[in-house]
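Residue 177 is where the sequence shown starts when you use the numbering used here, and the numbers rise one by one after that.
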Amino acid sequence: MMRTIRTAALAALSVLLVAGPAQAATAPLAPPPPPATAQLSLEIHPPQGPVVPGTAGTLEVKVTNQGPSATTDDTLVVVHLPAPAVVQSAVPPVALTYFGTGSSYKIPAGLAPGASSVERLALYVAPITLSYVTISGDVQVYYPGDPDQSGHTTPYSFTTADTRIHLTTGASSAIQGGHPVPQPGDLTGHPGATVNLPLWVYNQGPSYSRHPISVAITVPAHTTLTSTVPYGCTATGPRTLTCDYGSGPRYQDAIFIDPAVVIDSSTVAGQVLPGGRLDVTASEEECETPDWHTAYVVTVN
Numbered sequence: 177m178m179r180t181i182r183t184a185a186l187a188a189l190s191v192l193l194v195a196g197p198a199q200a201a202t203a204p205l206a207p208p209p210p211p212a213t214a215q216l217s218l219e220i221h222p223p224q225g226p227v228v229p230g231t232a233g234t235l236e237v238k239v240t241n242q243g244p245s246a247t248t249d250d251t252l253v254v255v256h257l258p259a260p261a262v263v264q265s266a267v268p269p270v271a272l273t274y275f276g277t278g279s280s281y282k283i284p285a286g287l288a289p290g291a292s293s294v295e296r297l298a299l300y301v302a303p304i305t306l307s308y309v310t311i312s313g314d315v316q317v318y319y320p321g322d323p324d325q326s327g328h329t330t331p332y333s334f335t336t337a338d339t340r341i342h343l344t345t346g347a348s349s350a351i352q353g354g355h356p357v358p359q360p361g362d363l364t365g366h367p368g369a370t371v372n373l374p375l376w377v378y379n380q381g382p383s384y385s386r387h388p389i390s391v392a393i394t395v396p397a398h399t400t401l402t403s404t405v406p407y408g409c410t411a412t413g414p415r416t417l418t419c420d421y422g423s424g425p426r427y428q429d430a431i432f433i434d435p436a437v438v439i440d441s442s443t444v445a446g447q448v449l450p451g452g453r454l455d456v457t458a459s460e461e462e463c464e465t466p467d468w469h470t471a472y473v474v475t476v477n
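Put into structure tokens, the structure is as follows:
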């Protein structure tokens with residue numbers, strides 16, 4: 177009887193010894209720890225204060241590697257900026273790739289743990305842009321090895337200021353760089369002849385003009401205005417005109433005013449007729465400068 181019990185116990189023990197290792201071999205193994213990699217964060221600072229149309233505001237983009245390892249691939253930074261605005265340049269310089277709704281650039285591989293890449297981007301606002309509007313966009317960062325792809329899109333916005341213009345005036349049939357370039361036959365005529373005086377107001381920018389302007393014109397001595405006055409102008413005397421416009425010229429464009437005058441028949445060849453003058457008398461977009469005024473003469477030939 178004792179032998180039977182002992183035999184049964186030994187058999188049971190042998191079953192346990194054989195089954196134990198097999199059960200241990202089928203238990204699931206813990207997953208290996210993820211490999212160390214870069215982890216990026218994005219911080220931006222949009223333009224401070226309104227941006228005048230035709231100029232640029234600065235958007236600062238800071239990308240920091242918060243991970244334990246350096247980046248092993250290029251990081252793509254995408255800046256969405258609605259047209260007609262454009263990312264004009266970057267400091268430090270980077271190669272900008274343009275597309276329909278913005279621009280992008282790359283941060284080379286090798287951004288070390290704790291290191292940052294900072295770009296100051298010039299956001300150029302086109303001259304045609306209206307005043308007091310809000311321009312909105314966002315910045316996105318793409319790094320293929322970052323385990324956390326969330327939180328890498330950050331919006332921004334800024335407003336535009338009132339438009340600003342620099343007006344110049346001239347008396348010639350050609351303009352270069354906003355200044356008169358006299359041409360043969362300009363401001364000359366025979367005694368008794370009717371001649372047109374090539375007068376103009378030019379906008380050097382940076383914005384489109386969006387406010388009214390008024391121009392006062394005096395034609396030279398010994399000349400008289402004809403009955404046909406230029407568009408927008410009213411004769412206020414035999415030698416004076418006032419011209420009123422709902423807005424000034426567009427950016428890098430001019431309002432041409434060509435009053436016709438009759439040269440007094442009593443004049444003689446070689447005589448210089450003084451007293452011609454053009455004055456811009458009102459503009460809300462700019463403080464008055466010497467460029468607002470032009471004195472000119474007519475030479476009798």
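We put the CB at the ideal spot given by N, CA and C, even for glycine. It should be emphasised that the depicted structure is a prediction, and the values quoted were computed from it without experimental measurement.
Nearest to Val262 by C-alpha distance, out of Val448, Tyr318 and Ser312, is Ser312. DSSP, read as helix, strand or coil, puts Asp467 in helix.
With a contact defined as Cβ atoms closer than 8 Å, Val315 and Thr336 miss out at about 20 Å. In terms of Cβ geometry, Leu401 and Val357 do not form a close pair [threshold 7 Å].
With a cutoff of 7 Å on beta-carbon distance, His398 and Thr443 are scored as near each other. Secondary structure of Gly413 (DSSP, three-state): strand. In the three-state DSSP reduction, Ala347 falls in the strand class (E or B). For Thr339, the three-state secondary structure derived from DSSP is coil.
Annotated three-state conformation of Val228 is coil, per DSSP. In terms of Cα proximity to Val253, the closest of Ala288, Ala246, Leu297 and Thr231 is Leu297. Nearest to Ile431 by C-alpha distance, out of Glu219, Gly452 and Ser385, is Ser385. Runs of the alpha helix (DSSP H) lying entirely within the region 268 to 342 and spanning at least 4 residues: none are present.
Taking all protein chains in view, the Cβ of Ile283 is crowded by 16 or more other Cβ atoms within 10 Å, so the residue is classified as buried.
Three or more beta-carbon pairs drawn from the region 339 to 355 and the region 364 to 382 are found closer than 8 Å, and the two stretches are therefore classed as touching.
Beta-bridge partners of Leu375 (DSSP): Ala347 and Ile433.
Selection Asn241, Glu295 and Ile393 evaluated against Val377 yields Ile393 as nearest (Cα-Cα). The three-state secondary structure of Leu257, taken from DSSP, is coil.
When Ala445, Leu454 and Ser217 are compared, the shortest CA-CA separation from Arg415 is found for Leu454. Annotation for Gly276: Ala259 place their beta carbon closer than 8 Å to its own, counting only its chain and skipping 5 residues before and after. Around the C-beta of Tyr472, 16 or more other C-beta atoms lie within 10 Å, and the residue is accordingly described as buried. The beta carbons of Pro323 and Asp249 sit no closer together than 7 Å. The Cβ neighbour count for Asp362, taken over all protein chains shown within 10 Å, is at least 16; the residue is labelled buried.
Secondary structure note for Thr457: its beta strand (DSSP E) is the uninterrupted segment Val448 to Ala458.
Cβ contact annotation for Lys238 (same chain, cutoff 6 Å, sequence separation greater than five): Glu219, Ser292 and Val294, in chain order.
For Thr394, the enclosing beta strand (DSSP E) has its first and last residue at Ile389 to Thr394. A Cβ-Cβ separation of about 6 Å places Pro223 in contact with Thr234 under the 8 Å criterion. No Cβ-Cβ contact shorter than 7 Å links His366 with Glu461.
Per DSSP, reduced to three states, the secondary structure at Thr402 is coil, with no helix or strand assignment. If you look at Leu216, you'll find it in the beta strand (DSSP E) that goes Leu216 to His221.
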